[in-house]
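Residue numbers (this note's numbering), protein chains in the order written: chain H, 65 to 515; chain U, 65 to 515.
Positions of the beta carbon are idealized from the N, C-alpha and C atoms, including for glycine.
A quick note: this is a predicted structure, and the numbers were derived from the prediction, not measured.
Structure first, then comments.
Protein chains: 2
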Amino acid sequence: VSLPGPASAADPNAKDRLGAVGLGLLGLGNVGAAFFEMVFAKAATVAERTGIDLEIVKVGVREPRRKRRETALLGQKLVADPYEVVNDPEVRIVVELIGGVLPAKDLVLAALAAGKPVVTANKELMATCGTELLSVAEKAGVDLLFEASVAGAIPLIRLLKESLAAEQILRISGIVNGTTNYILTRMSEEGLSYKEALAAAQRLGYAEADPSADVAGLDAAAKAAILAGIAFDADVSTSDVFCEGITAISPSDIKFAHKLGYEVKLLAVAEQLGTTEESPISVRVHPAMLPASHPLASVREALNAVFVEGEAAGEMMVYGRGAGGLPTASAVLGDVIEAAHHLREETRARPTRRKARTIEKMSRLSCQYYLSIEVTDRPGVLAAVAGVFGEHGVSIRSMEQVGLGSEARLVFVTHTAREDDVQATVARLEELDSVERVGCLLRLIGEEDRR
Amino acid sequence: VSLPGPASAADPNAKDRLGAVGLGLLGLGNVGAAFFEMVFAKAATVAERTGIDLEIVKVGVREPRRKRRETALLGQKLVADPYEVVNDPEVRIVVELIGGVLPAKDLVLAALAAGKPVVTANKELMATCGTELLSVAEKAGVDLLFEASVAGAIPLIRLLKESLAAEQILRISGIVNGTTNYILTRMSEEGLSYKEALAAAQRLGYAEADPSADVAGLDAAAKAAILAGIAFDADVSTSDVFCEGITAISPSDIKFAHKLGYEVKLLAVAEQLGTTEESPISVRVHPAMLPASHPLASVREALNAVFVEGEAAGEMMVYGRGAGGLPTASAVLGDVIEAAHHLREETRARPTRRKARTIEKMSRLSCQYYLSIEVTDRPGVLAAVAGVFGEHGVSIRSMEQVGLGSEARLVFVTHTAREDDVQATVARLEELDSVERVGCLLRLIGEEDRR
Numbered sequence: 065v066s067l068p069g070p071a072s073a074a075d076p077n078a079k080d081r082l083g084a085v086g087l088g089l090l091g092l093g094n095v096g097a098a099f100f101e102m103v104f105a106k107a108a109t110v111a112e113r114t115g116i117d118l119e120i121v122k123v124g125v126r127e128p129r130r131k132r133r134e135t136a137l138l139g140q141k142l143v144a145d146p147y148e149v150v151n152d153p154e155v156r157i158v159v160e161l162i163g164g165v166l167p168a169k170d171l172v173l174a175a176l177a178a179g180k181p182v183v184t185a186n187k188e189l190m191a192t193c194g195t196e197l198l199s200v201a202e203k204a205g206v207d208l209l210f211e212a213s214v215a216g217a218i219p220l221i222r223l224l225k226e227s228l229a230a231e232q233i234l235r236i237s238g239i240v241n242g243t244t245n246y247i248l249t250r251m252s253e254e255g256l257s258y259k260e261a262l263a264a265a266q267r268l269g270y271a272e273a274d275p276s277a278d279v280a281g282l283d284a285a286a287k288a289a290i291l292a293g294i295a296f297d298a299d300v301s302t303s304d305v306f307c308e309g310i311t312a313i314s315p316s317d318i319k320f321a322h323k324l325g326y327e328v329k330l331l332a333v334a335e336q337l338g339t340t341e342e343s344p345i346s347v348r349v350h351p352a353m354l355p356a357s358h359p360l361a362s363v364r365e366a367l368n369a370v371f372v373e374g375e376a377a378g379e380m381m382v383y384g385r386g387a388g389g390l391p392t393a394s395a396v397l398g399d400v401i402e403a404a405h406h407l408r409e410e411t412r413a414r415p416t417r418r419k420a421r422t423i424e425k426m427s428r429l430s431c432q433y434y435l436s437i438e439v440t441d442r443p444g445v446l447a448a449v450a451g452v453f454g455e456h457g458v459s460i461r462s463m464e465q466v467g468l469g470s471e472a473r474l475v476f477v478t479h480t481a482r483e484d485d486v487q488a489t490v491a492r493l494e495e496l497d498s499v500e501r502v503g504c505l506l507r508l509i510g511e512e513d514r515r
Numbered sequence: 065v066s067l068p069g070p071a072s073a074a075d076p077n078a079k080d081r082l083g084a085v086g087l088g089l090l091g092l093g094n095v096g097a098a099f100f101e102m103v104f105a106k107a108a109t110v111a112e113r114t115g116i117d118l119e120i121v122k123v124g125v126r127e128p129r130r131k132r133r134e135t136a137l138l139g140q141k142l143v144a145d146p147y148e149v150v151n152d153p154e155v156r157i158v159v160e161l162i163g164g165v166l167p168a169k170d171l172v173l174a175a176l177a178a179g180k181p182v183v184t185a186n187k188e189l190m191a192t193c194g195t196e197l198l199s200v201a202e203k204a205g206v207d208l209l210f211e212a213s214v215a216g217a218i219p220l221i222r223l224l225k226e227s228l229a230a231e232q233i234l235r236i237s238g239i240v241n242g243t244t245n246y247i248l249t250r251m252s253e254e255g256l257s258y259k260e261a262l263a264a265a266q267r268l269g270y271a272e273a274d275p276s277a278d279v280a281g282l283d284a285a286a287k288a289a290i291l292a293g294i295a296f297d298a299d300v301s302t303s304d305v306f307c308e309g310i311t312a313i314s315p316s317d318i319k320f321a322h323k324l325g326y327e328v329k330l331l332a333v334a335e336q337l338g339t340t341e342e343s344p345i346s347v348r349v350h351p352a353m354l355p356a357s358h359p360l361a362s363v364r365e366a367l368n369a370v371f372v373e374g375e376a377a378g379e380m381m382v383y384g385r386g387a388g389g390l391p392t393a394s395a396v397l398g399d400v401i402e403a404a405h406h407l408r409e410e411t412r413a414r415p416t417r418r419k420a421r422t423i424e425k426m427s428r429l430s431c432q433y434y435l436s437i438e439v440t441d442r443p444g445v446l447a448a449v450a451g452v453f454g455e456h457g458v459s460i461r462s463m464e465q466v467g468l469g470s471e472a473r474l475v476f477v478t479h480t481a482r483e484d485d486v487q488a489t490v491a492r493l494e495e496l497d498s499v500e501r502v503g504c505l506l507r508l509i510g511e512e513d514r515r
């Protein structure tokens with residue numbers, strides 16, 4: 065389908081045109097279909113605004129003969145072989161929206177090798193082999209743009225890479241998974257249990273039938289890897305990211321957090337631990353207790369937000385819809401227009417040069433901790449438990465008993481302690497007869513910066 | 065001063081270098097000095113990251129002989145004649161940080177005519193003659209970048225122009241003046257009067273001795289004009305912006321807003337009134353009542369935030385430090401790196417094509433209104449006042465009397481009404497014997513989108 069642009073004869077901008085820019089689309093799922101519709105609806109506007117005529121030349125889908133909304137418009141342009149899309153000489157830009165590492169990686173490599181810019185929304189791909197692909201793109205002198213791979217429509221990549229090009233990023237803390245934020249919001253505002261809130265999220269389509277990638281923090285970990293890579297020019301992949309999910313959090317943990325003036329959020333954190341650009345970095349995902357006055361604390365429902373601390377720019381936050389077909393397609397189209405602009409100008413996006421940076425082990429980090437310990441309510445329990453903290457050099461800031469009898473729990477907030485000392489404390493506590501379970505461990509974050 | 069980059073002989077990136085990029089700096093005030101220091105401190109890092117060596121070649125200041133921190137480093141490079149900076153053949157990029165329309169405009173025009181990209185943080189200039197300057201830059205094929213002219217380090221221009229290139233922007237609502245947001249925060253949180261809060265802001269350096277440009281909304285109006293221009297490709301200047309300040313707001317207005325579940329903020333709003341890109345737009349600055357759950361409502365102190373509503377991307381907000389030497393200098397340096405990258409690649413930023421758009425008169429807009437009316441507390445007052453509303457077709461949603469005797473005020477919230485009807489109501493009310501003054505008029509905003 066050749067999408068209409070303004071008639072070029074009468075058009076004063078015609079001199080700027082490089083003719084229609086052929087797009088090859090891989091995948092016609094949620095994001096792919098939204099992208100297709102958006103190109104169809106917006107091509108004339110885009111042409112008028114930017115002088116760039118976009119045209120979808122070929123679309124690779126698993127079952128090209130299956131009846132779909134787009135069939136009438138695409139017809140013969142729907143093909144089963146994705147390489148037919150990549151290798152079509154009329155395809156100038158490849159838009160990869162199939163997701164997953166393989167075959168996406170091979171397709172992207174083939175496109176780059178053919179000198180074709182690639183726009184992708186593929187989080188797994190960029191989190192797993194982003195450094196390799198960016199290096200291939202750089203050597204080929206071709207764009208590889210991936211704004212839509214993190215936080216949907218929120219323009220984080222461009223923010224970090226361009227607007228803050230001169231900025232030393234100190235820390236990025238983000239709510240980058242809508243499913244878990246929705247669950248935590250319901251737990252926080254309505255006192256639902258984790259299971260009830262998960263069921264509500266599933267009913268509304270915010271969580272999948274198998275929610276494990278979201279609730280275990282793996283989706284957030286992939287995004288943390290991508291963000292850390294951009295913020296610190298570092299080679300970080302998902303496997304480098306320490307990751308804890310939200311399944312152990314109970315309504316009473318959240319109630320206790322509120323009492324202390326905190327909110328509980330699943331955070332993806334990437335930070336530089338020292339003062340120089342050679343310092344180690346930390347990349348991690350875990351539930352955290354944030355002061356209620358922190359801008360991230362008021363991010364509700366399935367929304368995403370990323371808080372950036374820069375040396376000169378100070379604190380900054382971007383907030384918006386982190387997922388969904390339309391917002392993600394909007395980010396993809398923004399990248400496609402950039403790639404087309406670069407084709408016209410015979411240039412490319414700024415090169416990305418990554419270096420190996422030391423990623424500090426979680427065990428060596430320090431912060432304050434909240435621990436909830438289910439105990440048998442009998443004399444001497446507190447002394448035994450407190451003794452374990454003492455043995456491991458973990459100093460207690462506050463303690464409270466919640467509930468009675470078989471429901472009794474001891475809730476501790478520590479002073480700043482090292483992760484390995486706290487983990488050793490937890491392991492030893494679990495061996496005590498009087499301790500039934502260490503229920504939940506939350507790290508306190510953002511304390512130092514807040515009033 | 066030639067700032068050090070990594071030794072180029074041994075540097076694998078050396079092939080990408082175009083040699084040092086000479087910068088000509090106009091102005092060494094708050095932002096200029098911070099920019100100078102940042103280039104000095106960061107040049108090596110920037111060179112390593114981007115392959116671009118920045119070098120400050122010449123600096124134009126009013127009194128080059130005055131002793132300043134930078135004298136030792138700059139020496140002979142400090143000159144009194146700004147054209148000496150612009151015309152220096154070694155100056156490849158002109159960084160305009162003097163502020164005000166003249167002589168800045170002539171200097172920018174001279175630089176563009178000489179084919180030199182310009183980076184500016186000059187809000188007045190871009191709000192007054194942005195369309196003209198961008199058109200000159202476009203014809204000359206030269207960059208004119210102005211990220212720092214609105215909201216300091218918050219990367220709004222790049223967000224609107226690039227990330228949301230394909231997006232139909234529906235509305236932008238922003239807290240873009242730190243001084244007034246600081247004053248309103250103190251009034252809201254501590255019940256201070258406007259005068260007390262202004263004095264506090266002046267003590268802390270958030271407000272100037274003559275605060276009129278801030279408190280009357282003029283600073284915000286200039287930023288609204290720039291944002292509307294970018295968001296709607298429209299030719300908008302400060303004089304097109306309806307503007308009301310915060311001086312009439314009393315602590316009791318804010319208390320009343322809280323009671324209704326609102327917060328009071330000075331907003332800059334740019335919105336498209338119809339559904340197409342030919343529809344009229346509205347650009348205005350006024351105090352507004354926002355639902356407490358609106359993300360803008362929790363933006364405190366001197367911080368800035370801009371809430372963007374896009375057709376596909378949905379709601380989005382960026383938040384950060386909107387002023388100050390360092391954050392602004394960081395945004396300037398981001399633009400300088402972009403301009404230098406374009407010089408190296410022999411390309412330029414995406415062209416901006418503006419068109420005339422109808423800017424709707426304020427009098428024709430409709431919303432709900434809050435009005436506070438100081439009255440003489442005697443029988444029949446309410447009937448007289450309510451009668452005036454009725455005569456003008458303004459329907460009342462709620463009314464309450466606050467205070468007694470000479471302190472009595474009637475507080476109204478209307479149903480949706482037209483601005484001209486409300487203004488006619490106010491004019492007629494002020495003629496009534498029993499009305500001493502119409503104290504404060506606040507427009508309700510963001511209602512429709514919130515739960």
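Check: Straight-line Cα distance separating Gly86 of chain H from Val333 of chain U; Outcome: 38 Å
Check: DSSP beta-bridge partners of Ser357 of chain U; Outcome: Partner(s): none; Ser357 of chain U has no beta bridge.
Check: Within the region 226-268 of chain U, ranges of the beta strand (DSSP E) (whole runs, at least 3 residues); Outcome: 233-239
Check: Close beta carbons around Leu337 of chain H, own chain, < 7 Å, minus the five adjacent residues each side; Outcome: Ser343, Pro344, Ile345, Ser346 and Glu424
Check: Residues near Phe210 of chain H in its chain [Cβ-Cβ closer than 8 Å; skip 5 each side]; Outcome: Val183, Thr184, Ala185, Asn186, Met190, Gly194, Ile221, Ile290 and Asp399
Check: Interface partners of Pro344 of chain U on chain H, CB under 7 Å; Outcome: Simply none; closest approach about 17 Å.
Check: Cβ pair Ala105 of chain U, Val150 of chain U closer than 9 Å; Outcome: no
Check: Closest residue to Tyr383 of chain U among U:Ser394, U:Phe371, U:Gly389 and U:Ala377 (Cα-Cα distance); Outcome: U:Phe371
Check: Sequence-distant residues of its chain with Cβ nearer than 7 Å to Gly467 of chain U (five each side left out); Outcome: Arg473
Check: Near-chain U residues of the region 95-127 of chain H - C-beta to any C-beta below 7 Å; Outcome: Met102, Lys106, Thr109, Val110, Arg113 and Thr114
Check: Inter-residue Cα distance where the pair is Ala168 of chain H and Leu90 of chain H; Outcome: 9 Å
Check: Closest Cα partner of Ser430 of chain U within the set U:Ser459, U:Val439 and U:Leu407; Outcome: U:Ser459
Check: Inter-stretch contact (C-beta, 8 Å, three-pair minimum) for the region 489-502 of chain U and the region 445-465 of chain U; Outcome: yes
Check: Gly115 of chain H (DSSP reduced to helix, strand or coil); Outcome: coil
Check: Proximity test, Cβ basis, 9 Å: Val65 of chain H and chain U; Outcome: Its pLDDT being 42, under 50, Val65 of chain H is placed unreliably in this model, and the value from its coordinates should be taken loosely. Chain U contact via Cβ: absent.
Check: With 16 other Cβ atoms within 10 Å as the buried cut-off, status of His456 of chain U; Outcome: buried
Check: Interface partners of Arg267 of chain U on chain H, CB under 9 Å; Outcome: Those within 9 Å of Arg267 of chain U in chain H number zero; the least Cβ separation is about 18 Å.
Check: CB-CB length for Leu142 of chain U against Pro128 of chain U, believed under 8 Å; Outcome: 4 Å
Check: Three-state secondary structure (DSSP) of Tyr270 of chain U; Outcome: coil
Check: Cβ contact check for the region 254-265 of chain H and the region 397-411 of chain H: 3 or more pairs under 8 Å; Outcome: no
Check: Cβ shell of Tyr434 of chain U (< 6 Å), same chain only, five flanking positions each side left out; Outcome: Met353, Val477 and Leu506
Check: CA nearest to the CA of Lys287 of chain H, picked from H:Gly389, H:Ala215, H:Glu373 and H:Ser362; Outcome: H:Ala215
Check: Residue burial classification, Glu148 of chain H (beta-carbon count within 10 angstroms, cutoff 16); Outcome: exposed
Check: Closer than 8 Å at the beta carbon, the chain H residues around Ile247 of chain U; Outcome: In chain order: nothing, as chain H lies at least about 18 Å away.
Check: Closest residue to Glu260 of chain H among H:Ile313, H:Leu234, H:Val240 and H:Arg235 (Cα-Cα distance); Outcome: H:Ile313
Check: Residue-chain proximity (Arg514 of chain H, chain U), Cβ-Cβ < 9 Å; Outcome: For Arg514 of chain H, the predicted model reports a pLDDT of 37, less than 50, meaning its position is unreliable; a value from the coordinates is still stated below. For Arg514 of chain H, the answer is no, since every Cβ of chain U falls outside 9 Å of its Cβ.
Check: Burial state of Lys79 of chain U, where buried means 16 or more other Cβ atoms lie within 10 Å; Outcome: For Lys79 of chain U, the pLDDT reaches just 39, beneath the cut-off of 50, and the residue's location in the model is therefore unreliable, although a value from the coordinates is still provided. Result: exposed.
Check: Nearest-angstrom Cα separation, counted from Ala229 of chain H out to His406 of chain U; Outcome: 14 Å
Check: Buried/exposed call for Gln140 of chain H, threshold 16 Cβ in 10 Å; Outcome: exposed
Check: Cβ-based neighbour list, Met463 of chain U, same chain, cut-off 6 Å, excluding 5 preceding and 5 following; Outcome: Phe476
Check: Bridge partner(s) assigned by DSSP for Ser346 of chain H; Outcome: H:Glu335
Check: Residue-chain proximity (Val382 of chain H, chain U), Cβ-Cβ < 9 Å; Outcome: yes
Check: Residues of the region 217-231 of chain U whose Cβ lies closer than 7 Å to any Cβ of chain H, in chain order; Outcome: Ala217, Ile218, Pro219, Arg222, Leu223, Glu226, Ser227, Leu228, Ala229, Ala230 and Glu231
Check: 9 Å Cβ cutoff, Gln509 of chain H in contact with chain U; Outcome: The amino acid occupying residue 509 of chain H in the given sequence is Ile; Gln does not appear at that position. It does not; no Cβ of chain U falls within 9 Å.
Check: Residue-chain proximity (Gly378 of chain U, chain H), Cβ-Cβ < 9 Å; Outcome: yes
Check: Residue from U:Phe453, U:Gly469, U:Asp497 and U:Gln465 whose Cα sits closest to the Cα of Arg482 of chain U; Outcome: U:Phe453
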